[in-house]
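S.K.:
Chains as they are written, first to last, in the working numbering: chain A, 194 to 486; chain B, 931 to 1252; chain C, 37 to 282.
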């Protein structure tokens, strides 16, 4: 159990955390403002991964192929998010959370079959894009350089979201709407459009993160539920509807996953659940969350 | 909505007649329908029990559980493993098929009830996935992806007709027990929790505790459903525990109507036969289920029975005004 | 000793809503908590009833410290409350709603097999008769008038047979006639059932007509506490309400 090995696992954990944050932030954003937990977020992630694979396969461009595929996937998912919000969710804001959750569950079912029909039950992956094809040596241990790309992207997203939420007018509206929706509407801000754009943004991030995960080689049916469960662990641990909480939660889950894999790969998921269970006992609203009362 | 005594008596005796008729039909069913349809009927009854267990939590307590299939599967696996590996007798295995899911339900439920609403729902999904994952990966113990085969009921229940009556009896007894629970002080408490959780809390009820008890009861009945199904089907597989399977009682409850006791039963009967029909020409059942859920949400809120009840109430109101 | 708060404080972030309030409520009293808007009346109320957890200080009920007890435990000890925004069961009938309080208090809620409707019929009808809702027993909670809903909530709380009944703005939104009815009810229950009543109010005529003791809060601090006469004559109170001494 030398330092090098531990450091390597730690860095893997950071990479995993970055990926988790990429996905979970979209979910957290949507929930914070719309108060809708988009169950189908994992499906958008999965669809983004599959679409990026097909685009990449089609383009066959050695350097730009992946990046273009990722952007295309993100845009298509943004479009799908627009349709979902406009056609379905909008009619359900006045209904209770059960209907909203069931509707997004229905979308999960439909997308799962769509993926099965369009791509079959295969396990797919994209080649690591240039210039991230090799490995960098950390303390004599090879560390895939693609991980740095993911970490970089995660950081970029953190900065972007921080800027968006805390430094722009839209961000002020987002934060206000998260605490008092009626007041914001009363101030003349068109809530329906706000919701649509937030949902589209969340979907786009979801699709992009799906593309980003494709080079890790885990594009397959079932990744929608897998990621939603992990995202949920992130949100439970870090705190509901709080972006710093999502960041912290991603970090914790990423590390638990990474070190869990090192000790006993089959139990990695179980370890995450154990941490979640502990948080639920001592602080059910999450580390950065606020109690209901 | 004031009902005078004779009206109430009338609707009660009406309902008793309907019930008696349905039971009579179910008793003569094996002599009227083919073995193929008898098997589907068995499935409908078993899954209806699962749907009833789900609706205890959803219709009556107001919480969505996306993990009921995990308990259903655990009940099935308990019976399968005890009978094939430990050579335990059928009846004791059945008891285990209720107890194991109940105990796991107690552990899982303990964590789930710390949260409410959406969070509770996704937590149940998460734990359901965890249980599925454990069963799926633990190849040495559970057979993993292969599942377990060769589970046979005792000789006198081997024929489909005989086992059908067994399932029917278990279903009727369980329904009766669930009915009593719902109309008991405990049932009234969980309904009050759904109607106004804060008010009930400030009347002295520890909400989490009662939700946990209801959760365990639901897990036990879900387990029983799985436990009686597996010897009929002669095998069990990890697919019994997936989130897809968990969606079926959800679908059944909202289709039939979660606000009435018989809603989930009606919904599940429709779904089971519909599912069998759909599987005849396509394997893409989830997309059909998803479309159905959306259709019910938008066009039939309250489900079929909820819709009928509303119409009946509307007509009563018009009559009262005249 | 009946109910006592010792140096109770509640902070919401940087806002100190209740500041070091030491107060005693005597058994059998009708005790009012008043104060201008933002005085911390509701927060104090919430601290006593367990809706909020105190930042510091203690709450004691009959010599037992209940500061960290959850709300449902306090109810089981004999403290029940009503809410400013009427909290009833919209889709249960009036009868069923009142029954719930009794089921909980008489500890039969873990009975899984008997029919709930068979329990405590006498007690439910008695409470319904006392508050005047017997003729609406089979009506759904959301179908009755606002004033009736407030009476229903009162009836529900009576189901728990409390020793200390905490009423948060019991006449809020009521017409003068309804207010009179509500007040005479409260007075009646205090006398007939030996209930101790703690309530907050904005309507001063209500307060001075039935309260035996009044405590005044201002910006979270207790500034007066005594008989209605004492409070009426207190300079501090006059300054706070009128901006100057009368």
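Note that the Cβ used here is the ideal one computed from N, Cα and C, for glycine as well.
#1: How is residue 1205/B classed by DSSP in three states: helix, strand or coil?
#2: On a Cα-Cα basis, can you pick out the residue from 199/C, 205/C, 271/C and 154/C that is closest to residue 1110/B?
#3: Take residue 387/A as the anchor and find which of 362/A, 411/A and 401/A has the nearest alpha-carbon.
#4: Sorted by chain position, which residues of the same chain lie with C-beta nearer than 7 Å to residue 1014/B's C-beta, five sequence neighbours on each side aside?
#5: If I follow the unbroken beta strand (DSSP E) through residue 56/C, where does it start and stop?
#6: On the DSSP letters alone, give me the boundaries of the beta strand (DSSP E) that residue 202/C sits inside.
#7: Taking the straight line between their C-alpha atoms, what separation do you get for residue 120/C and residue 252/C?
#8: What does residue 249/C pair with, by DSSP beta-bridge criteria?
#9: With DSSP collapsed to three states, give me the class of residue 1164/B.
#10: Going along the chain, which residues of the stretch 1122-1136 of chain B sit with their C-beta nearer than 8 Å to a C-beta in chain C?
#11: Thinking C-beta only, is residue 347/A closer than 8 Å to residue 429/A?
#12: Determine contact between the stretch 221-234 of chain C and the stretch 169-179 of chain C, defined as no fewer than three beta-carbon pairs at a distance below 8 Å.
#13: Per DSSP, residue 115/C is paired with what?
#14: Give a yes or no on whether the C-beta atoms belonging to residue 285/A and residue 296/A are separated by under 8 Å.
#15: Taking C-beta pairs closer than 8 Å, name the residues in chain B that residue 466/A reaches, listed in chain order.
#16: Using a cut-off of 7 Å between C-beta atoms, extract the partners of residue 131/C located in chain B.
#17: Suppose you measure from the CA of residue 44/C to the CA of residue 188/C; what does that come to, to the nearest Å?
#18: When you compare each of 1075/B, 1004/B, 1008/B and 1118/B to residue 146/C by their alpha carbons, which one comes out closest?
#19: On the criterion of 16 or more Cβ atoms from any shown chain inside 10 Å, does residue 321/A qualify as buried, or is it exposed?
#20: Got a sec? Which residues, its chain only, sit under 6 Å from residue 231/A by beta carbon, not counting five neighbours each side?
#21: Please confirm if residue 50/C has its CB atom under 8 Å from at least one CB of chain B.
#22: What first and last residue would you give for the alpha helix (DSSP H) that runs through residue 227/C?
#23: Compare the C-alpha of residue 111/C against each of 144/C, 84/C, 242/C and 90/C and name the closest.
#24: Could one say the Cβ of residue 124/C lies closer than 8 Å to chain B's Cβ atoms, at least one of them?
#25: Helix, strand or coil for residue 1252/B, going by three-state DSSP, please let me know.
#26: Let me know if residue 196/A comes out buried or exposed under the rule of 16 or more other beta-carbons within 10 Å of its beta-carbon.
#27: Relative to the C-alpha of residue 418/A, which candidate in 1005/B, 943/B, 1057/B and 945/B has its C-alpha closest?
#28: Taking the straight line between their C-alpha atoms, what separation do you get for residue 1004/B and residue 1171/B?
#29: In this structure, what does DSSP give as the bridge partners for residue 487/A?
#30: Can you tell me whether residue 282/C is buried or exposed, with buried defined as 16 or more other CB within 10 angstroms of its CB?
#31: Among 38/C, 217/C, 91/C and 64/C, which one has its Cα closest to the Cα of residue 167/C?
#32: Going by DSSP, name the residue or residues bridged to residue 94/C.
#33: Rounding to the nearest angstrom, what Cα-Cα distance links residue 1000/B and residue 1154/B in this structure?
#34: Out of 192/C, 171/C and 219/C, which has the shortest C-alpha to C-alpha gap to residue 205/C?
#35: When DSSP builds the beta bridges, which residues end up paired with residue 197/A?
#36: Can you give the Cα-Cα distance for residue 952/B and residue 1169/B, rounded to whole angstroms?
M.R.: Based on what the coordinates show:
#1: Taking the first residue of the second chain as 1, we reach residue 1205/B at position 275. Three-state result, residue 1205/B: helix.
#2: In the second chain, counting from the first residue as 1, residue 1110/B sits at position 180. Per the Cα distances, 154/C.
#3: In the first chain, the residue the question calls residue 387/A occupies position 194. Looking at the Cα atoms, 362/A is the closest of the given residues.
#4: Against the second chain, residue 1014/B aligns to sequence position 84. Hits under 7 Å: 1078, 1080 and 1081.
#5: Within the third chain, numbered from 1, the residue matching residue 56/C stands at position 20. Here the beta strand (DSSP E) through residue 56/C covers 51-61.
#6: Taking the first residue of the third chain as position 1, residue 202/C is located at position 166. Boundaries of the beta strand (DSSP E) harbouring residue 202/C: 200-204, taken from the DSSP string.
#7: What you label residue 120/C is simply residue 84 of the third chain in a count that begins at 1. What you label residue 252/C is simply residue 216 of the third chain in a count that begins at 1. The alpha-carbon of residue 120/C is positioned some 19 Å away from that of residue 252/C.
#8: As a position in the third chain, residue 249/C is number 213, starting the count at 1. According to DSSP, residue 249/C bridges with 67/C.
#9: Taking the first residue of the second chain as 1, we reach residue 1164/B at position 234. If DSSP states are grouped into helix, strand and coil, residue 1164/B belongs with coil.
#10: 1122, 1125, 1126, 1128, 1129, 1130, 1131, 1132, 1133, 1134, 1135 and 1136
#11: Locating residue 429/A in the first chain gives position 236, where the first residue counts as 1. Locating residue 347/A in the first chain gives position 154, where the first residue counts as 1. Their beta carbons are not under 8 Å apart, which means residue 429/A does not touch residue 347/A by this criterion.
#12: In short, these stretches do not touch, since the Cβ pair count stays below three.
#13: For this step, residue 115/C is matched to residue 79 along the third chain. DSSP, once it has assigned bridges, lists 200/C as partnering residue 115/C.
#14: For the purposes of this step, residue 285/A is taken as residue 92 along the first chain, with counting starting at 1. For the purposes of this step, residue 296/A is taken as residue 103 along the first chain, with counting starting at 1. In this structure, residue 296/A lies closer than 8 Å to residue 285/A by Cβ.
#15: Within the first chain, the letter at position 273 stands for residue 466/A. What residue 466/A touches in chain B: 1056, 1057 and 1060.
#16: Position 95 of the third chain, counting from 1, holds the residue named residue 131/C. Simply none; closest approach about 11 Å.
#17: By one-based count along the third chain, residue 44/C stands at place 8. By one-based count along the third chain, residue 188/C stands at place 152. Taking the straight line from one Cα to the other gives about 31 Å.
#18: On the third chain, position 110 is the one that residue 146/C refers to. Ranking 1075/B, 1004/B, 1008/B and 1118/B by Cα distance to residue 146/C puts 1118/B first.
#19: Here residue 321/A corresponds to residue number 128 of the first chain, with the count starting at 1. Buried, because 16 or more other Cβ atoms sit within 10 Å of the Cβ of residue 321/A.
#20: For the purposes of this step, residue 231/A is taken as the residue at position 38 of the first chain. Result list for residue 231/A: 223 and 297, in chain order.
#21: Against the third chain, residue 50/C aligns to sequence position 14. Cβ-Cβ to chain B under 8 Å: no for residue 50/C.
#22: Working through the third chain from its first residue, we reach residue 227/C at position 191. Its alpha helix (DSSP H) spans residues 212-228.
#23: For the purposes of this step, residue 111/C is taken as residue 75 along the third chain, with counting starting at 1. Of the listed residues, the one whose Cα sits closest to residue 111/C is 84/C.
#24: Position 88 of the third chain, counting from 1, holds the residue named residue 124/C. Interface residue, yes.
#25: Residue numbering aside, residue 1252/B sits at position 322 when the second chain is read from its first letter. Residue state, collapsed to three classes: coil.
#26: Here residue 196/A corresponds to residue number 3 of the first chain, with the count starting at 1. When all chains shown are included, residue 196/A counts as exposed.
#27: By one-based count along the first chain, residue 418/A stands at place 225. For residue 418/A, the nearest C-alpha among the options comes from 1057/B.
#28: Counting from 1 along the second chain, the entry for residue 1004/B is found at position 74. Counting from 1 along the second chain, the entry for residue 1171/B is found at position 241. Rounded to whole angstroms, residue 1004/B to residue 1171/B spans 8 Å at the Cα level.
#29: Limits of chain A in this structure are 194 at one end and 486 at the other, which puts residue 487/A out of reach.
#30: The residue labelled residue 282/C in the question sits at position 246 within the third chain. With a pLDDT of only 49 at residue 282/C, under the threshold of 50, the placement of this residue in the model should not be trusted, and no figure is reported.
#31: Position 131 of the third chain, counting from 1, holds the residue named residue 167/C. Among 38/C, 217/C, 91/C and 64/C, the Cα nearest to that of residue 167/C belongs to 217/C.
#32: The residue labelled residue 94/C in the question sits at position 58 within the third chain. Its beta-bridge partners are 42/C.
#33: Numbered from its first residue, the second chain carries residue 1000/B at position 70. Numbered from its first residue, the second chain carries residue 1154/B at position 224. Going by the C-alpha atoms only, they are around 12 Å apart.
#34: Locating residue 205/C in the third chain gives position 169, counting from the first residue. Cα-wise, what sits closest to residue 205/C is 219/C.
#35: Locating residue 197/A in the first chain gives position 4, counting from the first residue. Looking at the DSSP assignment, residue 197/A forms no beta bridge with any residue, so it has no partner.
#36: Within the second chain, the letter at position 22 stands for residue 952/B. Within the second chain, the letter at position 239 stands for residue 1169/B. Computed Cα separation, rounded: 32 Å.
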